[in-house]
Amino acid sequence: MEVYLYIALFAPLVGSLFAALFTATPKKMFTGVIASLLIISAFVSSTILLMYILNGGEPVQVEMMTWMATGDLYIPFGFVVDQVSVTMMMVVTLVSSVVHVYSVGYMDHDKGFNRFFSYLSAFVFSMMVLVMSDNFAGLFIGWEGVGLCSWLLIGFWYHKESATWAANEAFIMNRIADLGMLIGLFLIYWNTGTLQYTEAFAAMPGLDTEILAWMGIFLFIGAMGKSAQFPLHTWLADAMEGPTPVSALIHAATMVTAGVYLVVRANPLFDLIPHVGLFIASLGAFVALFAASMALVNRDMKRIIAYSTLSQLGYMFVAAGLGAYWVALFHLMAHAFFKALLFLGAGNVMHAMHDELDPFKMGGLKKPMKWTFIMMTLASVALAGIYPLAGFFSKDLILEVAFVDHHYILYAVLLFTAGLTAFYSFRLVALIFHGEERYKLFGIHPHEAYKYMLIGMSPLLILAIIAGSFKMTYFEMVTALLPATEYHIHSHLTFWIMTIGTQLFVASSIVYAYKKYANNKITVPDGTSKMENSFAYKLLFNQYYIPYIYEEYLVKPYRELSTIFWEQIDLKIVDASVDGIAGIVYGTGEKTRAMQSGNLSTMLKWMVAGTVGLLSLAVVFGLAARYSDEIMAILSGLGV
Amino acid sequence: MFEAIAFYLFAFLTISMFYIAVTTSQALYALSAIAAGMLFISAFFFILGADFLGAVQIIVYSGAVMALYAFGMMFFDTTREVKEKHGNSMIVIGLSSLAAIMVVVIFAAPIVSSNITALYPVVDGVGNTQAVGMVLFTKYLVPFEVAAVMLLVAMIAGIVLAGKKMDLSLTLMSDAEIKDLREDQNKKVLS
Amino acid sequence: MEIGLNHYLALSAILFAIGLIGVMRRKNLLLLFLATEILLNSVNVAFAAISHYYGDLTGQMFAFFVIAIAASEVAVGLGLLIVWHKRHGNIDLDNMSTMRG
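Structure representation (structure tokens):
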């Protein structure tokens, strides 16, 4: 089994390094193919490992080598395949295989084709390190690795000002959160003396609750950055500047779920501090509603899906915060499938529409892009949580968790958000695929994507439909590691009322969205309609003015402060002293240049002078050594 | 008493000879003064009982080295007066005196503090030459041989350096011939 | 009046100073070489005197090797001087300024 573990871990790295060899050369088809094949081999290995774990095998744990061993600190490069990490491995490798295959087509005309695959495979490797590590240090390595790859990929089109800005924004926001994460790790090491998951968690029940709470809070700050929770959420929407496959893989299916994975992985810690968990759940519910509301009015296809991702991450945190870790992980998995599918579908549309992102300028695309239409509709249905697709099983479960735990406010918020989710998803679908063919105004002739791209997407489609049926198998497997809390509503009547009520509410939202946006009267908004001038619309459209507030109250003062420091301290003190030293050296050289007249006689004179100097020193030191006692006596007499 | 007279006499002679050697503007005078100075130095060696060293001094310095200088002078036009511009002579004198005093202080320091002991004591009843020979060929055999090799190397180097183009005499050639020769040399260097 | 070690060391210092004066003020390379011989000799005197007053032959040995080195130096130095003279037609120190910085 260890062989499969290593293949799953290192095949992406090999692919990345291989593609990296050709980064400076023009597009080579084989780099994409080989990188894809290696990812697929990692996927196959993960599947074998999953089968092994499913059949009751012991978790595979290997220690590849020692990384740090100084004093009491011992950190190995250790990897573990247990029930939780194998789930994540499956999600990561499956989605990344699909995205790799898809990218071969999507990036077809891009100059950075080889570079793209190098980055993408490097990302998969980092993500595998993140999920497979058996200690917090390894997790942190992977954590930073995915951050780096995310930066590289968001800024992939580095010639675009907006892309580099978005990349830097994402990286800096993540760095802020990573500081919290690091502090959390230090706290863990300080108090438990180890970073290995099993040992650290075993030591935790004996610790003070306050310390545990701080550990949990700092770890969660790290998770907030990666998973783009409020108030560090702005980067995720801007990250959509990257190529669409990147958005699908990193900013929907895998990297952003790392925060959820961390909370799930650290479940023994969060079980001990339920009040922090409740905070996490509340924040999650708030983000779910907050992001969904922004998605309602946005006019950028990818941003709408990004906000939807944000909202679904909120759901996951509600589940994780309430202690239903397996539910959170299950929703993570199901969400990865349909959200990646949705993004890849959006990529097809973008390709067809020549990078047009405003759904109001599309319309009626269902005819030329039949398969994409079917896929995106099904993915949206799954996202909305209609029976029997994947979203129903995972999302409804979260609602039940909130209900059963008597957090009725959370339940109400999540239920309302579910309605919003359905509305904005189908607003998007309706605007893109139904109604009048508005794109003709812009002279675009849309075409369906390559066949192999569609075939590559099909596994995601199938999983988005049937993932719910794995629920019991998954539950049995994963509860070997996670708390096996089952959430049953005691009264059957309540259960049915809730389920059917939710379904009806969601379905009515879908119908309303269709009714409003699928007709032929939709035109490209020009900012004159009554709705567009309402306060609520403006608030939502400008993302609650949060980017504006950040810009105005954080970035600008910081810049002014930096300018002051630059002008006052850097230029006048630091630079001046450095320049002064250089000036002294230069001036001395200039003055003593006359010494080097090239005249040997002068040189001889200088040589003698130097000899005299050195001899005098020798005499002085010799005398000082000889009369050291006397000198000490004199000095002590002087009071030194 | 006799020793003191001899010391002061020879000290006076040596200093005056060497003073002439460094101040005269005639190269030939300087050479003769140095040769005389070397001879007087050997007198100190004899006073100090280092007979062998004194003999070597006369043979090597006054004989061989001075002869070498004399031969060397034949190559150069030394009959004309040596023109030298002199800068600040106070600096020169001051520096050299300081350096000399420093050297002496450093030499004398361990003697004054009398913390050196004789490694190879002079044996009573044995002549100086014999004693020197015994030490030279036992304790200092390797340095002695190395010195011999060094002298050989220096000899060969001297021959090679001075012996180049001995078939040509630049003083007997016309200016045009010398110019051609120079150009030939430049071509060789360039190629 | 007894002649002691200090007398010899003083003599040696005077000779050394004269040699240094020569080294510093001579512009003719040949005469400069002569001045260096004075330096070497002054040190030889000191060696021999110390050797005598401490009854130790090491000083004489040193003086002996110094003479050997002086002889080699003269041989090589004169050879180089001849080569220089052939090239440039003079042996004036002030004309050798190729090391001008």
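Residue numbers (this note's numbering), protein chains in the order written: chain A, 1 to 640; chain B, 1 to 191; chain C, 1 to 101. Every residue gets a Cβ at the ideal spot worked out from N, C-alpha and C, and that includes glycine. A quick note: this is a predicted structure, and the numbers were derived from the prediction, not measured.
Three-state secondary structure assigned by DSSP to residue 321/A: helix
Bridge-paired residues (DSSP) for residue 36/C: Answer by DSSP bridge pairing: none, since residue 36/C is not bridged.
Helix, strand or coil at residue 234/A according to DSSP, with G and I counted as helix: When DSSP states are grouped into helix, strand and coil, residue 234/A belongs to the helix group.
Close beta carbons around residue 180/A, own chain, < 7 Å, minus the five adjacent residues each side: 218, 221, 222
Proximal chain B residues relative to residue 611/A, where beta-carbon distance stays under 7 Å: 99
Option nearest residue 388/A by Cα separation, candidates 369/A, 430/A, 464/A: 464/A
For residue 65/C, the nearest candidate out of 132/B, 161/B, 173/B (CA to CA): 132/B
Delimiting residues of the alpha helix (DSSP H) encompassing residue 198/A: 197–203
Backbone CA spacing between residue 226/A and residue 122/A [nearest angstrom]: Cα to Cα, residue 226/A sits roughly 17 Å from residue 122/A.
Close-in-space but distant-in-sequence residues of the same chain around residue 177/A (CB under 7 Å, 5 per side omitted): Closer than 7 Å at Cβ, skipping near neighbours: 221, 222, 224, 225, 226, 232.
Reduced DSSP category for residue 28/C - H, G, I as helix; E, B as strand; rest coil: Here residue 28/C carries a strand assignment [DSSP, helix/strand/coil].
Cross-chain neighbours of residue 140/B in chain C, by beta carbon under 7 Å: 61
Short Cβ contact (8 Å threshold) for residue 256/A with residue 284/A: no
Interface residues of the stretch 596–621 of chain A facing chain C [CB-CB below 7 Å]: Flagged, chain order: 596, 597, 598, 599, 600, 601, 604, 605, 608.
Partners in chain B for residue 97/C, counting only beta-carbon separations shorter than 8 Å: Correct list: empty, because the minimum Cβ distance to chain B is about 15 Å.
Proximity to residue 175/A [Cα-Cα], best of 189/A, 150/A, 525/A: Of the listed residues, the one whose Cα sits closest to residue 175/A is 150/A.
Amino acids of chain B, ordered along the chain, whose beta-carbon sits closer than 8 Å to that of residue 76/C: 154, 157, 158, 161
Straight-line Cα distance separating residue 386/A from residue 48/A: Each residue's alpha carbon lies about 31 Å from the other.
Contacting residues, own chain, Cβ-Cβ under 6 Å from residue 12/C (five flanking each side not counted): 42, 45, 46
Chain A contact residues for residue 23/C, given Cβ-Cβ distances below 7 Å: 604
Residue from 279/A, 193/A, 635/A with nearest C-alpha to residue 70/A: Of the candidates 279/A, 193/A, 635/A, the one whose C-alpha sits nearest the C-alpha of residue 70/A is 193/A.
Pick from 21/C, 77/C, 89/C that is closest to residue 175/B, judged by C-alpha positions: 89/C
Closer than 8 Å to chain A by CB, residue 93/C: Yes, because at least one Cβ of chain A sits closer than 8 Å to the Cβ of residue 93/C.
Residue 166/A and residue 238/A closer than 8 Å at C-beta: yes
The stretch 245–264 of chain A / the stretch 307–322 of chain A touching (three or more Cβ pairs under 8 Å): Taking 8 Å as the limit for Cβ pairs, the verdict is that the stretch 307–322 of chain A does touch the stretch 245–264 of chain A.
Neighbourhood of residue 29/C by C-beta distance below 7 Å, restricted to the same chain and skipping five residues each side: Taken in chain order, the residues that qualify are 81, 91, 93.
Residues sharing a beta bridge with residue 523/A, DSSP: DSSP output for residue 523/A lists no bridge partner at all.
Anticipated Cβ contact below 8 Å, residue 15/A with residue 34/A, distance rounded: 7 Å
Segment limits, beta strand (DSSP E) that includes residue 60/A: 60–70
Option in 462/A, 365/A, 480/A with minimal Cα separation from residue 435/A: 365/A
CA nearest to the CA of residue 358/A, picked from 377/A, 432/A, 569/A: It is 432/A whose Cα lies nearest to the Cα of residue 358/A.
Partner residues on chain A for residue 27/C, Cβ-Cβ distance less than 7 Å: 601
Through-space distance from residue 50/B to residue 51/C, alpha-carbon basis: 9 Å
C-beta contact flag for residue 106/A and residue 309/A at 8 Å: No; because the gap between Cβ atoms is not below 8 Å, this pair is not in contact.
Within chain A, the residues that residue 106/B reaches when beta carbons sit closer than 9 Å: 615, 618, 619, 622
Chain A within 8 Å of residue 89/B, Cβ atoms only: No, its Cβ sits nowhere closer than 8 Å to a Cβ of chain A.
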